[in-house]
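Engineer: One structure follows; several queries about it will come next.
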Amino acid sequence: MPELPEVETVVRRLRPEMVGRAFAQVRVTWPRTVATGADQLCRTLPGWRVAALERRGKFLLFALARATAGRAVPGDGGEPAGALLIHLRMTGRLNVEPPGAPAGRFTRVAFDLDDGRALHFDDVRKFGRVFLVPQAEAVTGMLGPEPLAEDFTLAAFRRLLVGRARQLKPLLLDQTFLAGLGNIYADEVLYRARLHPLRRTDTLTPEETRRLHRAIRDTLRKAIEHHGTSFDWAYAGGNYQELLNVYDRAGQPCPRCGTPVVRTVVGQRGTYYCPECQARASR
DNA sequence: CCACCGTCCTGGCTGC
DNA sequence: TGCAGCCAGGACGGTG
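Each residue of the first sequence is one higher than the last, beginning at 8 in the working numbering.
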């Protein structure tokens, strides 16, 4: 499922195709996909140009500007459109289709572009969401910091943990704590940091906190580096697994010590870890 | 403040 | 071979 590295990969792939393009007609085949209202999206988006495409957490963020007057500020003067945001959730995919391409079986929203092509939002499970808002912050305002941002330092991470007493796994999945980690990378981060998923933040030693901070950044950076290829494999059902140390590897040997990887459920989520490397108590 | 549960969805898997 | 039933999982809202 798309987490920060996958979304980053999609953004990098789409950016050269989308920036500068203007939206024409929008077609919605599953209205609930559009969290801010399908009718409003279809009415409002045509005529807006993509000024920039960024990632915030697991959101794709299309910053909009008026297609005609280059000076218009999105969201200014009560303008109804300013930012288009898309969250892929479990199975969402975005592709730029050539002119005349028909909507696929799972296409939920089709955005026609001014060059005749179309951006298709396909989503088998219909969990993905599209937002059109005057200000992106209306959607992203609740998110915690970007784990790969320069200012997400060890000191900043320590400050984030002050006064909290939470299990590590649910904490890493909490987007208001930190933006971008999902179930796969949360497990991979904890494996790399050699910390048990149920360890509580208030029991971490300074050294363990340092390891966790480093593991978050290293795991995500490495995943982004490798995602030119692995992302496609994941969706093609290929051996995406080869990049993963513990996720979905129950019973297989830990790459570090050979102990069989264990699967449990933490906070309703399948959770994989090495019972030897990630012992419950600190050591 | 924190944990836990139900909801949304459907392809793919399991088991008979 | 066919099919019923279950599962995964991100985010959110409600409850304890």
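Each residue gets a CB set at the ideal place from its N, CA and C atoms; glycine is no exception. These numbers were taken from a predicted model, which means no experiment stands behind them.
Would a C-beta distance cut-off of 8 Å place A72 and V137 closer than the cut-off?
Structural biologist: Reading the first sequence from its first residue, position 65 is the one you call residue 72. Reading the first sequence from its first residue, position 130 is the one you call residue 137. Taking 8 Å as the Cβ cut-off, A72 and V137 do not qualify as a contacting pair.
Engineer: Assuming contact is defined by CB atoms lying nearer than 8 Å, are G99 and V140 in contact in what I supplied?
Structural biologist: Locating residue 99 in the first sequence gives position 92, counting from the first residue. Locating residue 140 in the first sequence gives position 133, counting from the first residue. Cβ distance not < 8 Å, so G99 and V140 don't count as in contact.
Engineer: Quick one: is M25 buried, meaning 16 or more other Cβ sit within 10 Å of its Cβ, or exposed?
Structural biologist: As a working note, residue 25 is residue 18 in the first sequence. Counting Cβ neighbours within 10 Å, M25 comes out buried, since at least 16 surround it.
Engineer: What is the residue span of the alpha helix (DSSP H) that Q32 lies within?
Structural biologist: As a first step, residue 32 is located in the first sequence; it is residue number 25 there, counting from the start. Note, Q32: premise wrong, no alpha helix (DSSP H); beta strand (DSSP E) at 30-35.
Engineer: Given a threshold of 16 other Cβ atoms within 10 Å of its Cβ, counted over all protein chains shown, does A45 qualify as buried or as exposed?
Structural biologist: For the purposes of this step, residue 45 is taken as residue 38 along the first sequence, with counting starting at 1. Per the 10 Å Cβ criterion, buried.
Engineer: Quick check on the DSSP output: the alpha helix (DSSP H) that includes E195 runs from which residue to which?
Structural biologist: Here residue 195 corresponds to residue number 188 of the first sequence, with the count starting at 1. Element bounds for E195: 190-200.
Engineer: Quick check on this structure: which residue in G123, M149, E232, A59 has the alpha carbon closest to the alpha carbon of P105?
Structural biologist: Reading the first sequence from its first residue, position 98 is the one you call residue 105. Ranking G123, M149, E232, A59 by Cα distance to P105 puts G123 first.
Engineer: Since Q174 and P204 are thought to touch, with beta carbons under 8 Å apart, how far apart are those beta carbons, to the nearest angstrom?
Structural biologist: Position 167 of the first sequence holds residue 174. Position 197 of the first sequence holds residue 204. About 7 Å; that satisfies the 8 Å criterion.
Engineer: According to DSSP, is L167 helix, strand or coil?
Structural biologist: The residue labelled residue 167 in the question sits at position 160 within the first sequence. Reduced to three states, the DSSP call for L167 is helix.
Engineer: With a CB to CB cut of under 6 Å and the five nearest residues on each side skipped, what residues in its chain are close to V196?
Structural biologist: As a first step, residue 196 is located in the first sequence; it is residue number 189 there, counting from the start. Within the same chain, V196 has close Cβ partners A222, I223, T226.
Engineer: To the nearest angstrom, how far is it from the Cα of G111 to the Cα of D209?
Structural biologist: Position 104 of the first sequence, counted from the first residue, corresponds to residue 111. Position 202 of the first sequence, counted from the first residue, corresponds to residue 209. When rounded, the distance between both Cα atoms is 49 Å.
Engineer: Among residues of its own chain, excluding the 5 on either side of G244, which ones have a beta-carbon nearer than 6 Å to its beta-carbon?
Structural biologist: The residue labelled residue 244 in the question sits at position 237 within the first sequence. Unreliable placement is indicated for G244, whose pLDDT of 39 sits below 50; the coordinate value is still reported in the next sentence. Result list for G244: empty, nothing under 6 Å.
Engineer: Return helix, strand or coil for T266, following the three-state DSSP convention.
Structural biologist: On the first sequence, residue 266 is found 259 positions in, with the first residue counted as 1. T266 falls in the coil class under three-state DSSP.
Engineer: Considering only the alpha carbon of each residue, which of R28, G189, Y198, F134 lies closest to R287?
Structural biologist: As a working note, residue 287 is residue 280 in the first sequence. Residue Y198 is the option with its Cα nearest to R287.
Engineer: Suppose contacts are defined by Cβ-Cβ distances below 8 Å. Is P180 in contact with L188 by that definition?
Structural biologist: Numbered from its first residue, the first sequence carries residue 180 at position 173. Numbered from its first residue, the first sequence carries residue 188 at position 181. Here residue 180 turns out to be Leu, not Pro, going by the sequence shown. Contact flag set, yes.
Engineer: Put Q174 into one of helix, strand or coil per three-state DSSP.
Structural biologist: Numbered from its first residue, the first sequence carries residue 174 at position 167. Strand, per DSSP.
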